[in-house]
Structure formats: structure tokens, C-alpha cells
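Here the structure comes first, spelled out in C-alpha cells, and everything after it is commentary.
Residue numbers (full-length UniProt numbering): 1 to 311.
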């Protein structure tokens, strides 16, 4: 190669190198700071059954499920518990004994009960019946709170057949249990949530709100589908849940997807011990073991007591 050709080749090679894009500068500390920053609410993920979805979407998805099953809510629970949920609910109410005497003091006549996710009135009507017929208390009142308007509409329709319709003893409120600014601090004697808390987006936030609205000495009481404690029974139960219930939902209600979500939501709910820990984290004192298993753990009743602060 001539010296002129060699010079030309070297010159072109240098030009090509000059126009190559430089490797971008990587700031290690900046990258770490970006990774350590909490994700926005829109980016945080949660579960909807076995599917992971953004937290911002779960509320609307759960709402669609319960709007779909509102008119067949009791049938839904009959299917998932083989009808035993009615006995569980009666036992739950008896264990709380609403309407029994409260500690002496001003404004302590009758119980102020907040029933969360209780749109159809199933628990509220039982509470009022027990207070009235067992404890002869006609002052105890229940506020039914639910995030779903269709469930509340079903409860209002059913309340017409009760003695409490259009009285001061029963009220309906559409609200999110994770944030209830309309309910004053320390204003509730008993907070109940039955087969509802597993559908909440932020269960811990709801427990914190329960602690806030309860009076010192007030009781948090939750009944929820839980973990079966016998492996053989658990295998049979899961086979029923995942095979039979969605199929029956399709045949009876024409809605397989909603029933599929409901059985998946049961599977994803924390164990009895894990949920007890969440209740304690909210600030509650735990009486005894903290929970009572029903029918081998298919469901469990959890209770917590807001501590009384001595002056």
C-alpha cells in the first residue's frame, strides 16, 4: 500500500471513531436513589384473586364482582360454605352479645355498631334482633357501611321486611373502609366485618381505621374464610372450591368469573396467625388466642379490643 493510501485509510478511520456516540455516564448513586424511591400508588401492585393488578384497579374490579352477585349474595355464601355460613353468623352474633349493658357513663345507652362491608344487612339485622329480643334493648343502632352501591341497595330492599326499616336504629352509608373521615374518632362500640375484609385493597389501612373509630374498650370483630387445619379435609375443601363453585356459579348465576375470583380471594387471604398479627399491629389487644376456628378452619372469628388508657 502506498503511503498516500495508508494516510487516507488512517484519516477515515479517525473520522469514524470521532462520530461514534460516547457511552453514557452512569451515576451509580443516582441509580440507587431511583431504585430506593417508593413506587407511586398507580405503580404498586396487589392481588385480585391469583392475578396481580395495580392497586388503583382493584377497587373497581372487586366492585364489579359484587355488583354482579349482589342479588344472589346469600346463595354465593351458601355455595362457598355448604350453607353453614348461616350457623356461623348466628354464633358470631351470640358471641358478641349486642345490646348487653355497657359501662356506666354519659352517652352509653345502647350500642353504636358499625358493620363494614355489610351491604345486604345480613349481620346488621341479626345484631338488632339479638339486642331487641335477647337483651331487651331498643336503643342499640347499626350503621351498615359498604363501598358497593348495589350491595347497599339490596340491603335497603331487605330492610323493608324488618322492624328497623326507616327508624333511627338502622342506617346505610356508602364508604371505603380504608378511609372514613365521616366517622369521628372513638365513636363506635363495636366494629364488625364479615366475609368482606379479604376483598379490601389495603387491609392494614382498614384495621387502622377500625382502631381509630372505636371507643377505648371497643371491640373489633371479624369473621372471614380462612385456612383449614387438617390436610386431608383441606384437600377436599379446595377441590370443592376450585372445581365445583365456579361451575355452579356459571350454571346458577351465569357468572363463572366472579365465583372464580371469590374462591381465589379465599386462598390468598392471610392465615389465622398472620391476620392476628395484623390486628395487633393496628394497636389492638388480643383476647386469648385471638381467633376461633369454625368447621376446621374453613372460617375463623378474630377479635381485638382497643385498650383503655388510664388517666
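Ideal placement from N, C-alpha and C gives every residue a C-beta, glycine not left out.
None of the values given here were measured: they were computed from a predicted structure.
Which listed residue (the options) has its alpha carbon closest to that of residue i
i: residue 110; options: 237, 135 and 151; result: 135
i: residue 120; options: 160, 186, 183 and 73; result: 73
i: residue 291; options: 231, 227 and 238; result: 227
i: residue 78; options: 162, 182, 204 and 122; result: 122
i: residue 326; options: 281, 282 and 273; result: In the structure as shown, the chain starts at 1 and stops at 311, and residue 326 therefore has no counterpart that could be examined.
i: residue 148; options: 141, 86 and 173; result: 173
i: residue 100; options: 206, 125 and 139; result: 139
i: residue 124; options: 281, 183 and 96; result: 96
i: residue 222; options: 178, 102, 279 and 162; result: 279
i: residue 102; options: 190, 256, 293 and 258; result: 190
Cβ-based burial, residue i [other Cβ within 10 Å; buried from 16]
i: residue 42; result: With a pLDDT of only 47 at residue 42, under 50, the local geometry of the prediction cannot be trusted, and the value read off the model is given with reservation. Label assigned to residue 42: exposed.
i: residue 224; result: buried
i: residue 193; result: buried
i: residue 185; result: exposed
i: residue 94; result: exposed
i: residue 118; result: buried
i: residue 29; result: Confidence at residue 29 is low in this model, with a pLDDT of 40, below 50, so its placement is unreliable and the value that follows should be read with caution. Looking at its Cβ environment, which holds fewer than 16 other Cβ atoms inside 10 Å, residue 29 is exposed.
i: residue 167; result: exposed
i: residue 85; result: buried
i: residue 142; result: buried
Cβ separation of residue i and residue j, assumed to be a contact under 8 Å, to the nearest whole Å
i: residue 116; j: residue 145; result: 5 Å
i: residue 218; j: residue 188; result: 6 Å
i: residue 198; j: residue 269; result: 4 Å
i: residue 164; j: residue 207; result: About 28 Å; that fails the 8 Å criterion.
i: residue 204; j: residue 281; result: 7 Å
i: residue 130; j: residue 98; result: 5 Å
Alpha-carbon to alpha-carbon, residue j and residue i
i: residue 305; j: residue 271; result: 20 Å
i: residue 287; j: residue 176; result: 27 Å
i: residue 88; j: residue 251; result: 26 Å
i: residue 113; j: residue 170; result: 10 Å
i: residue 132; j: residue 90; result: 15 Å
i: residue 297; j: residue 196; result: 17 Å
i: residue 158; j: residue 209; result: 28 Å
i: residue 220; j: residue 284; result: 8 Å
i: residue 308; j: residue 235; result: 43 Å
i: residue 230; j: residue 266; result: 17 Å
i: residue 44; j: residue 202; result: 11 Å
i: residue 83; j: residue 75; result: 8 Å
i: residue 137; j: residue 238; result: 42 Å
i: residue 232; j: residue 276; result: 25 Å
i: residue 240; j: residue 254; result: 19 Å
i: residue 260; j: residue 299; result: 18 Å
i: residue 154; j: residue 263; result: 22 Å
i: residue 248; j: residue 151; result: 21 Å
Does the contact criterion of 3 or more C-beta pairs under 8 Å hold for the stretch 241-254 versus the stretch 201-217? no
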